[in-house]
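There are 2 protein chains.
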Amino acid sequence: MADLVYHKVMQDLKARISRNEFPNNRLPDERSLSESYGVSRSSIKRALAFLADQGIIFKKRGSGTFVNPLYMKSKTIFHYDGSNIGITDSMESMGETPQIDLLDFKVVPASKELEQDLFLEDDDFVYEIKRLRSFGDQPFMIETGYIPIRITPKLTKQIVSGSIFNYLETEIGKTVTRSFMSIMAAPSTKEDQRLLGLKPNEPVGIMEGIFFLDDGTPFEFSNMRLHYKYLKYNTFVQIT
Amino acid sequence: MADLVYHKVMQDLKARISRNEFPNNRLPDERSLSESYGVSRSSIKRALAFLADQGIIFKKRGSGTFVNPLYMKSKTIFHYDGSNIGITDSMESMGETPQIDLLDFKVVPASKELEQDLFLEDDDFVYEIKRLRSFGDQPFMIETGYIPIRITPKLTKQIVSGSIFNYLETEIGKTVTRSFMSIMAAPSTKEDQRLLGLKPNEPVGIMEGIFFLDDGTPFEFSNMRLHYKYLKYNTFVQIT
DNA sequence: TTTGCAAATTGATACGCACCAATTTAAAAG
DNA sequence: CTTTTAAATTGGTGCGTATCAATTTGCAAA
């Protein structure tokens, strides 16, 4: 895991940053770091680049490399997108494993939109999987997923009552490593209100998009309607 | 702008991808590209790395580099975060320049939370700037921003009636290049409903966070309440 | 035909060098 | 003391080489 040079440098720098070892929030220049770590400048650059696009440090040509003061104040919020992709994962990382209730499970012909998004032919079928996710007795998400039969012809009720990505990885040997998602807000429907325990004026947050296998095949189109209090998407944006 | 080697390679590859010049959605291997472009493999790698984290291509050790099929289907949605940061910018890129109505403009002592977020002292003051943004006669966002007096002591009504980031860049010579934002949903308040023309059951999308200057100084804390139909945040996530 | 292993392919990591561009620092000029 | 100019600092770009790790391909064995 940590036998890569740039990885070790990264970990160490992160630790030193946390211990506030850099006065003025300023890191040594790359050439010095290269010397003191006894590694090439390229590896230092790679380590710094990773930290930079995690938003932990800022680099500025001509003046140096600086710690993002926000990182010092609250490191917890620096776990955002990119670290988790499936829902089970990203929820587990919050400390608790959510349960899954299977609401519906059937095979339907792919709609035009699904054909488009999952690159299907005209007569292709997809699984439609509707599930309710809860923490304890507090449901927080209605998830409707569409998966081409062609990719996983052997889905069962049992499988889709658990983590599908998990099944895919352990049983089929394929991994979901990418997703393209849109985040929106919308008024709650009657069904949302009933299932998620929302008042009529309380909305849902929607996360909708496509999950890809590691070879680029679109694997699932997913529409997730979240209790609005459970949607908080953190993101660090920088323009170049 | 485009006199960098990896930049040129990137542009060219992007164009060739769009013209569908790569059969099987598979790009030539890095060594061949290096030869055919007459540049070093390092430069090819850099170009490919950029395309990869834009989500345009996938790289897989041992098997090759592939075009994201989603990119071929709809290139338009591939303009997501990272390209724009301010609101004026990100709205302009949608084809229209929004107007700004100044709702409120005053100086207030910084709250505890603001002290925390903007790294202020106990007796610091901030501008509170409340503005309404509209496309034509359709308002879509209520924006409340807080800017430390210490950073920009000379804000006027006139300035805050336009683009603040623009003023900062042209008049002060500082640039906002980074932001840390959270995206949420919430029921609309009476004020939201009145200003944004929402029905009582229609929600707002909230984007809230901190904008940073290029030297890492937190510049503004901003809370943006959007008409829910105008919030759509696209993001491409990949885990390594 | 199928299975298993070796070789070839392909991206990833690491090192090092040279030079460029933005910024800061220090010296010189007024 | 301020302004101007030159030098030093610091991250960015580009080239080239060597080696490793994951995957695919092709050959050989069963």
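Quick note, the sequences are listed as chains V and E, same order.
Anchor point for the first sequence: position 213 equals 1171 in the working numbering, and the numbering is continuous, going up by one each time.
Anchor point for the second sequence: position 84 equals 1042 in the working numbering, and the numbering is continuous, going up by one each time.
Glycine is no exception: its CB is placed at the ideal position from the N, C-alpha and C atoms.
- What residue 1173/V touches in chain E, judged by beta-carbon distance under 9 Å, is 1016, 1018, 1021 and 1024, going in chain order.
- The DSSP assignment places 1115-1118, 1122-1125 and 1148-1154 as complete runs of the alpha helix (DSSP H) inside the segment 1088-1164 of chain E, in order along the chain (cut-off: 4 residues).
- Judged by beta-carbon spacing, residue 1110/V lies beyond the 8 Å limit of residue 1197/E, meaning their Cβ atoms are not closer than that value.
- Comparing alpha carbon positions, the residue from 1021/V, 961/V and 992/V closest to residue 984/V is 1021/V.
- Against chain V, the CB of residue 967/E has no partner CB under 8 Å away; the residue lies outside that interface.
- Counting C-beta pairs closer than 8 Å gives fewer than three between the segment 1066-1080 of chain E and the segment 1088-1102 of chain E, which falls short of the contact rule.
- By the beta-carbon neighbour count (other beta carbons within 10 angstroms, threshold 16), residue 1130/V is exposed.
- Minimum Cα-Cα distance from residue 980/E among the listed residues 1030/E, 1174/E and 1083/E corresponds to 1030/E.
- A direct Cα-to-Cα measurement between residue 1107/V and residue 1147/V gives close to 29 Å.
- Residues are counted here when their Cβ sits less than 8 Å from a Cβ of chain E; for the segment 1119-1143 of chain V these are 1135, 1136, 1137, 1138, 1139, 1140, 1141, 1142 and 1143, given in chain order.
- Taken through DSSP and simplified to helix, strand or coil, residue 977/V comes out as coil.
- Residue-level contact by beta carbon fails for residue 1106/V and chain E, as no gap is shorter than 8 Å.
- Cβ neighbours of residue 1062/V within its own chain (closer than 6 Å, five residues either side excluded): 1088.
- Contact between residue 988/E and residue 1002/E holds, with the beta-carbon distance rounding to 5 Å and staying under 8 Å.
- The Cβ neighbour count for residue 973/E, taken over all protein chains shown within 10 Å, is under 16; the residue is labelled exposed.
- In the structure shown, residue 986/E falls within a coil segment according to DSSP collapsed to helix, strand and coil.
- Looking at the DSSP output, residue 1169/V bridges to 1137/V and 1178/V.
- Using a Cβ distance threshold of 8 Å, residue 1161/E and residue 1145/V count as a contacting pair.
- The beta-bridge partner set that DSSP reports for residue 1022/V consists of 1018/V.
- Residue-level contact check: residue 1195/E touches chain V, since one or more beta carbons of chain V fall below 8 Å from its beta carbon.
- Check the Cα spacing between residue 986/V and each of 1055/V, 963/V and 1016/V: the tightest is with 1016/V.
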